[in-house]
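Q: Structure provided below as structure tokens; questions to follow.
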Amino acid sequence: MSPQLQVRPAHVHDEVDVGGPWSILPIADSLLERRSSTTTRLGMPFVLSDLDDLFAGAEQMTGAVASWTAQFWQSYISSTESGITYASTPRPVREEVQRLRDEIARRTRLTREQIARAAGVDRRSMSAWVKGDATPSVEKLERLQVLAEVVRDIDAAEPGRSTEVLLSRTAGHDLLDHIAAGRLTYARAWQSLQGAAPPVTVVHRPSTKRPLHQNALDAYLKGELKPLGRAATIRPDSDYEQDLSQAERLMPVEPVRRSRRGYQ
Amino acid sequence: MMNPVDYYEWHDEPRQGDIVLCGVSRIIAEDHHSPSQWESLDAHFLQVDDAWNSGKALGVAAGIGLAMVVTHDCQLDKEWNQRVRELQKSGVELELAERQASADTTLDRTLIISPLVDPNDLRGERGNLLAGRVIGYVPVPPHPEELVDECVVDLTYQCTIDRLDVVKVTSVSEAARKQLRYALIQLDALRTSDLGFEVEAVIGRTIERVEVPARDPLTVRIQLDDGNVIQLLQQPGTPDQETGRTGGFFSAEGGGDA
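As structure tokens, this is what we get:
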């Protein structure tokens, strides 16, 4: 137990102390007193008098939900209407990675390699995270969380199409590439990225003189011309084979030329 | 130029040399430049922004035009023949195999074509172009029913198109097809074949090797099969002010680039 935390039996008339440097945390039949600090690794239900104090060590906060990674621990804190803040049970990062990976795999047909690609790593690195042999950076863990959120969002918007949507490519990139590159930082952005076809400009230039094909086009429009069609002929295999060793015998030597200028 | 009566000859089946009405296209740079001979073909410009994923756009010029099929006859039914062979190997009778292969619309879908262009739009001398003396161009006489005006096939513009979007206008005789094949060889493979054959006929020997020494580029060394070497000395030319070429085939004097 951290020297900043002290536990004593709770009394019936005890009240939450919201002043001073201490926070009083009622846990079961005990009160846990916590000294104000810039960091916390405690994730059990508790009451805080100063949210800023708790959030001092957080790396990211979105709306009412804040999350951060501190070594092997991650805490979720949510505010209630009463102003009381609770923190969920801390989850080792390796468990969080496994939970996210399994959820994504369950909701989609993505392979583990593809899931790892969205996090910007290979399958072995992700396995190492799950085994606890390695720890992902905050950035990579966030990308995995974004992928899970995107999967949930696609599932809600287009049920059953999450894999297809995630792997559909626009301008050579699928959504996994966008997540890995950090171009997709919140879940809803997948819709703009996925449906974003590159802009196409079409310019028409009217002919200044009668086109060469005009008579043929007129005949076609009158129904006088027919499609090219196909009339295949049985041919020996030799018609489709070549022997490059014959090249030397058949082709004369081209004259050696100086290199040409003007091509840049 | 061949007589139209000798040039045109109708054949129902698609063949190399067929004149067709179809779409043509080519990749262009961002300035949408169209060489004058292709302006009538470049009726539409399509630009896909950031197609290279590096801010660079991809441009296409496209249009409708008359064109000549340059794909060899054998290539026109290559996949069909492969399918028939496969079916036969699996025990299917030939007649049934042919029917099954013919029912597959995905086979042999593509053609290579070159557009027909107005010789007046080309920088070369019209007389040389229509006489078939300019490499890369094949003269086409006017069609008896006026479906095709007097023009040339521009072999320097080739594109691959889908067979299903092609309308057959007319087909040509075997003599016209020979001209096309020879022009294709001259453009893409054998610039010097004609000259070589003529020299061999004159001297009565076979040319084993021809080279232009790097240190003396005005000299052409012709090594014969009897060991003798003939050296030809080129006259230094004056570069054209516009093109920078010396005696290029676009000049009014005609001749060849070979």
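Chains Z and V are the protein sequences, given in the same order. Residue 2 is where the first sequence starts when you use the working numbering, and the numbers rise one by one after that. Residue 322 is where the second sequence starts when you use the working numbering, and the numbers rise one by one after that. Glycine residues also receive a C-beta, built at the ideal position from the N, C-alpha and C atoms.
#1: Using a Cβ-Cβ distance under 8 Å, would V/A573 count as near chain Z?
#2: How should Z/A182 be labelled, buried or exposed, when 16 other C-beta atoms within 10 angstroms of its C-beta is the threshold for buried?
#3: Using C-beta distances below 8 Å, list every residue in its chain close to Z/Y187, excluding the 5 sequence neighbours before and after it, in chain order.
#4: By DSSP, does V/Q403 sit in helix, in strand, or in coil?
#5: With a threshold of 8 Å between beta-carbons, can V/Q368 be considered close to chain Z, or not?
#6: Just how far apart, CA to CA, sit Z/G121 and Z/K141?
#7: Can you find at least 3 beta carbon pairs, one from the region 221–232 of chain Z and one from the region 496–503 of chain V, that sit closer than 8 Å?
#8: If V/V455 and V/G338 are in contact, beta carbons under 8 Å, what's the gap, nearest whole angstrom?
#9: How many whole angstroms separate the CB atoms of Z/L213 and V/V488, which I take to be in contact at a CB cut-off of 8 Å?
#10: Please list, in chain order, the chain Z residues whose beta carbon lies closer than 7 Å to that of V/C480.
#11: Can you check whether the C-beta of Z/L226 is within less than 8 Å of a C-beta belonging to chain V?
#12: Measuring only between beta-carbons, confirm whether V/G412 sits less than 8 Å from chain Z.
#13: If you run the structure through DSSP and keep just helix, strand and coil, what is V/M323?
#14: Could you check how far apart the C-beta atoms of V/T491 and V/V461 are, in whole angstroms? I think they sit under 8 Å.
#15: Starting from the beta carbon of V/I385, find every residue of chain Z whose beta carbon is closer than 9 Å, and list them in chain order.
#16: Given that V/L468 touches chain Z, what residues does it touch there, using C-beta distances under 7 Å?
#17: Using a threshold of 8 Å, state whether the C-beta atoms of V/A382 and V/R347 are closer than that.
#18: Closer than 8 Å, CB to CB, is V/A504 near chain Z or not?
#19: Comparing the C-beta of Z/S268 with each C-beta of chain V, is any distance below 8 Å?
#20: Touch check for the region 374–391 of chain V and the region 425–434 of chain V: three-plus C-beta pairs under 8 Å?
#21: Residues in the region 229–249 of chain Z with C-beta within 8 Å of chain V's C-beta atoms, listed in sequence order?
#22: Quick check: what's the CA-CA separation for V/M323 versus V/L342?
#23: For V/L408 and V/A418, which I take to be in contact (beta-carbon distance under 8 Å), what is that distance rounded to the nearest angstrom?
#24: Determine, using beta carbons only, whether V/D547 comes closer than 8 Å to chain Z.
A: For this structure:
#1: The residue you call residue 573 of chain V lines up with position 252 of the second sequence. A caution first: V/A573 carries a pLDDT of 37, below 50, which makes its placement in the model too unreliable to give a value.
#2: Numbered from 1 along the first sequence, position 181 holds the residue referred to as residue 182 of chain Z. Exposed, by the Cβ-count rule.
#3: On the first sequence, position 186 is the one that residue 187 of chain Z refers to. Here the set comprises V147 and E150.
#4: As a position in the second sequence, residue 403 of chain V is number 82, starting the count at 1. The answer is helix: DSSP assigns V/Q403 an H, G or I state.
#5: Taking the first residue of the second sequence as position 1, residue 368 of chain V is located at position 47. At least one chain Z Cβ lies under 8 Å of V/Q368.
#6: Residue 121 of chain Z sits at position 120 when you count from the first residue of the first sequence. Residue 141 of chain Z sits at position 140 when you count from the first residue of the first sequence. Distance between the alpha carbons of Z/G121 and Z/K141 is about 7 Å.
#7: no
#8: Within the second sequence, residue 455 of chain V is the residue found at index 134, counting from 1. Within the second sequence, residue 338 of chain V is the residue found at index 17, counting from 1. That belief does not hold up - the Cβ atoms of V/V455 and V/G338 are roughly 19 Å apart, past 8 Å.
#9: Residue mapping note: residue 213 of chain Z aligns to position 212 of the first sequence, counting from 1. Residue mapping note: residue 488 of chain V aligns to position 167 of the second sequence, counting from 1. Contact flag wrong, Cβ pair sits at about 15 Å.
#10: Stepping through the second sequence from its first residue, residue 480 of chain V is reached at position 159. Result: empty, since nearest Cβ-Cβ is about 15 Å, beyond 7 Å.
#11: Numbered from 1 along the first sequence, position 225 holds the residue referred to as residue 226 of chain Z. Cβ-Cβ to chain V under 8 Å: yes for Z/L226.
#12: For the purposes of this step, residue 412 of chain V is taken as the residue at position 91 of the second sequence. Output row for V/G412: interface = no.
#13: The count along the second sequence starts at 1 and reaches residue 323 of chain V at position 2. V/M323 falls in the coil class under three-state DSSP.
#14: Your numbering for residue 491 of chain V matches position 170 in the second sequence. Your numbering for residue 461 of chain V matches position 140 in the second sequence. Actually they do not touch by this definition, with Cβ atoms about 10 Å apart.
#15: Working through the second sequence from its first residue, we reach residue 385 of chain V at position 64. Those are P212, H214 and L218, listed as they occur along chain Z.
#16: The residue given as residue 468 of chain V occupies position 147 in the second sequence. By Cβ distance, chain Z contributes N216, A217 and A220.
#17: Position 61 of the second sequence holds residue 382 of chain V. Position 26 of the second sequence holds residue 347 of chain V. The answer is yes: Cβ separation under 8 Å.
#18: On the second sequence, residue 504 of chain V is found 183 positions in, with the first residue counted as 1. Judged by the 8 Å Cβ criterion, V/A504 is not in contact with chain Z.
#19: Residue 268 of chain Z is absent from the structure shown; chain Z starts at 2 and stops at 265.
#20: yes
#21: L229, G230, R231, A232, A233, T234, I235, R236, D238, D240 and Y241
#22: One-based indexing of the second sequence puts residue 323 of chain V at position 2. One-based indexing of the second sequence puts residue 342 of chain V at position 21. Cα-Cα distance, rounded: 22 Å.
#23: As a first step, residue 408 of chain V is located in the second sequence; it is residue number 87 there, counting from the start. As a first step, residue 418 of chain V is located in the second sequence; it is residue number 97 there, counting from the start. With 8 Å as the limit, V/L408 and V/A418 qualify as a contact, their Cβ atoms being about 4 Å apart.
#24: The residue labelled residue 547 of chain V in the question sits at position 226 within the second sequence. So no, V/D547 is outside the interface.
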